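Numbering (our numbering), first residue to last: 684 to 831.
Glycine residues also receive a C-beta, built at the ideal position from the N, C-alpha and C atoms.
Fair warning: this is a prediction, and the values are worked out from it, not measured in the lab.
All remarks here apply to the structure that follows.
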């Protein structure tokens, strides 16, 4: 990430963490490493970061199939900027980045206490799948989308 954007992104991450901690205290927080994140999309209004989403390589290739799982991670829009299409734009941007890299399928995970996110993913054509590691089935709703 560009050095001038890093502080803005950190502020957005901090706000996201604060909001989600209230929804799922003590819940699973899967934090992608810098090596796993292939691209981060950040929307700015002036100098203010208002939305973000990342493309993440989840783990290493499966030994049997040599397949790698890729997922959308950390999709977030600041509350004051919601209902303006930014979440859908973030999904589209991450999907485009995945296609450019030849990735044919994306997954994502959201929480059972996030009905707005579930509705967004369903509206955008994502298909529900059973929760996949490392996400716990009792608190996760997972989706997949073919990019082919």
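For residue 822, the closest of 801, 795, 815 by C-alpha to C-alpha distance is 795. In this chain, the beta strand (DSSP E) harbouring residue 793 covers 788-794.
Where residue 736 is concerned, the enclosing beta strand (DSSP E) starts and stops at 731-741.
Distance check between residue 770 and each of 726, 784, 811 places 726 closest, using alpha-carbon atoms only.
For residue 824, the enclosing beta strand (DSSP E) covers residues 823-829. Residue pairing by DSSP places residue 723 opposite 737 in a beta bridge. Residue pairing from DSSP places residue 753 in a beta bridge opposite 740.
Counting along the chain, no beta strand (DSSP E) covers residue 767, and no H or E run does either. Contact annotation: the segment 721-739 does not touch the segment 807-818, with fewer than three C-beta pairs closer than 8 Å.
Residue 819 has its alpha-carbon roughly 18 Å from the corresponding atom of residue 753.
Annotated as proximal: residue 830 and residue 778, with beta-carbon spacing under 8 Å. By the C-beta density criterion, residue 773 is buried, having at least 16 other C-beta atoms within 10 angstroms. In this structure, the alpha-carbon of residue 815 lies about 18 Å from that of residue 786. According to DSSP, residue 810 shares a beta bridge with 827. With fewer than 16 other Cβ atoms from the protein chains shown falling within 10 Å of its own Cβ, residue 765 counts as exposed.
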